[in-house]
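Take 92 as the starting number for the sequence shown in this note's numbering and just add one per residue. By construction, the Cβ of each residue, glycine as well, lies at the ideal position given by its N, Cα and C atoms. All figures in this text were calculated on a predicted structure; none of them were measured in a lab.
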Amino acid sequence: MISQPRGLQSLIPTARQAATPGERAAAQMIHLRTATVPVPVLAAAAELIAAQLEDPDPVTREAAVDVHARLVAALDNAAPGR
(Lines of atoms letter the chains of each structure in order from A; the text may use other names.)
(Lines give C-alpha, C1' and ligand atoms only; values in the text may rest on other atoms or scores of the structure.)
Protein backbone atom coordinates (compact mmCIF):
# COMPACT_ATOMS: atom_id res chain seq x y z
CA MET A 92 0.00 0.00 0.00
CA ILE A 93 1.40 3.39 -1.04
CA SER A 94 0.82 6.09 1.53
CA GLN A 95 0.02 9.62 0.44
CA PRO A 96 1.74 12.58 2.12
CA ARG A 97 -0.32 14.20 4.87
CA GLY A 98 -0.29 17.55 6.59
CA LEU A 99 2.63 19.84 5.77
CA GLN A 100 4.34 17.07 3.80
CA SER A 101 1.56 17.23 1.21
CA LEU A 102 2.46 20.87 0.48
CA ILE A 103 6.15 20.19 -0.21
CA PRO A 104 6.83 19.39 -3.86
CA THR A 105 8.66 16.14 -4.34
CA ALA A 106 9.96 16.82 -7.85
CA ARG A 107 10.90 19.91 -9.82
CA GLN A 108 8.54 20.51 -12.71
CA ALA A 109 10.19 21.10 -16.07
CA ALA A 110 10.80 24.77 -16.78
CA THR A 111 9.10 26.32 -19.78
CA PRO A 112 11.23 28.03 -22.44
CA GLY A 113 9.99 31.35 -21.08
CA GLU A 114 11.07 30.53 -17.55
CA ARG A 115 14.53 29.53 -18.78
CA ALA A 116 14.84 32.71 -20.86
CA ALA A 117 13.69 34.89 -17.97
CA ALA A 118 16.17 33.23 -15.60
CA GLN A 119 19.01 33.83 -18.04
CA MET A 120 18.03 37.40 -18.91
CA ILE A 121 17.54 38.56 -15.33
CA HIS A 122 21.30 38.54 -14.77
CA LEU A 123 22.24 40.23 -18.04
CA ARG A 124 23.02 43.90 -17.52
CA THR A 125 25.29 44.88 -20.41
CA ALA A 126 26.63 43.37 -23.58
CA THR A 127 28.64 44.72 -26.49
CA VAL A 128 27.62 43.41 -29.89
CA PRO A 129 27.61 44.80 -33.44
CA VAL A 130 24.44 46.67 -34.46
CA PRO A 131 23.55 44.12 -37.19
CA VAL A 132 23.54 41.40 -34.52
CA LEU A 133 21.12 43.49 -32.41
CA ALA A 134 18.86 43.97 -35.43
CA ALA A 135 18.88 40.25 -36.21
CA ALA A 136 18.17 39.37 -32.58
CA ALA A 137 15.24 41.81 -32.50
CA GLU A 138 13.78 40.21 -35.63
CA LEU A 139 14.21 36.70 -34.26
CA ILE A 140 12.70 37.46 -30.85
CA ALA A 141 9.74 39.25 -32.47
CA ALA A 142 8.34 35.85 -33.43
CA GLN A 143 7.89 35.09 -29.71
CA LEU A 144 5.91 38.26 -28.93
CA GLU A 145 2.64 36.38 -29.46
CA ASP A 146 3.70 33.08 -27.85
CA PRO A 147 0.87 31.27 -26.04
CA ASP A 148 3.07 30.76 -22.94
CA PRO A 149 2.69 33.94 -20.84
CA VAL A 150 6.18 33.68 -19.33
CA THR A 151 7.77 33.29 -22.77
CA ARG A 152 5.69 36.18 -24.10
CA GLU A 153 6.61 38.45 -21.16
CA ALA A 154 10.32 37.66 -21.51
CA ALA A 155 10.17 38.19 -25.28
CA VAL A 156 8.45 41.57 -24.89
CA ASP A 157 11.06 42.72 -22.37
CA VAL A 158 14.03 41.48 -24.41
CA HIS A 159 12.60 42.90 -27.65
CA ALA A 160 12.08 46.30 -26.01
CA ARG A 161 15.69 46.29 -24.76
CA LEU A 162 17.01 45.33 -28.19
CA VAL A 163 14.98 48.03 -29.94
CA ALA A 164 16.10 50.62 -27.37
CA ALA A 165 19.73 49.59 -27.91
CA LEU A 166 19.25 49.92 -31.67
CA ASP A 167 17.68 53.35 -31.26
CA ASN A 168 20.57 54.49 -29.05
CA ALA A 169 23.33 52.98 -31.20
CA ALA A 170 25.83 55.50 -32.46
CA PRO A 171 26.18 55.66 -36.26
CA GLY A 172 29.14 53.74 -37.64
CA ARG A 173 29.15 51.00 -35.01
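DSSP-derived helix/strand/coil call for residue i
| i | result |
| --- | --- |
| Val150 | helix |
| Pro131 | helix |
| Arg124 | coil |
| Val171 | In the sequence as displayed, the identity of residue 171 is Pro instead of Val. Three-state DSSP puts Pro171 in coil, outside helix and strand. |
Residue j beta carbon less than 9 Å from that of residue i
| i | j | result |
| --- | --- | --- |
| Ala155 | Ala116 | yes |
| Gly113 | Asp146 | yes |
| Leu144 | His122 | no |
| Ala165 | Leu133 | yes |
beta-carbon residue i near the ligand HEM non-hydrogen atom, thresh 8 Å
| i | result |
| --- | --- |
| Gln119 | This structure simply doesn't include the ligand HEM, nor any ligand for that matter. |
CB-CB length for residue i against residue j, believed under 8 Å
| i | j | result |
| --- | --- | --- |
| Ala136 | Leu162 | 5 Å |
Neighbourhood of residue i by C-beta, 7 Å cutoff - its chain only, sequence neighbours within 5 removed
| i | result |
| --- | --- |
| Thr127 | none |
Residues near residue i in its chain [Cβ-Cβ closer than 6 Å; skip 5 each side]
| i | result |
| --- | --- |
| Arg152 | Asp146 |
| Ala169 | Val130 |
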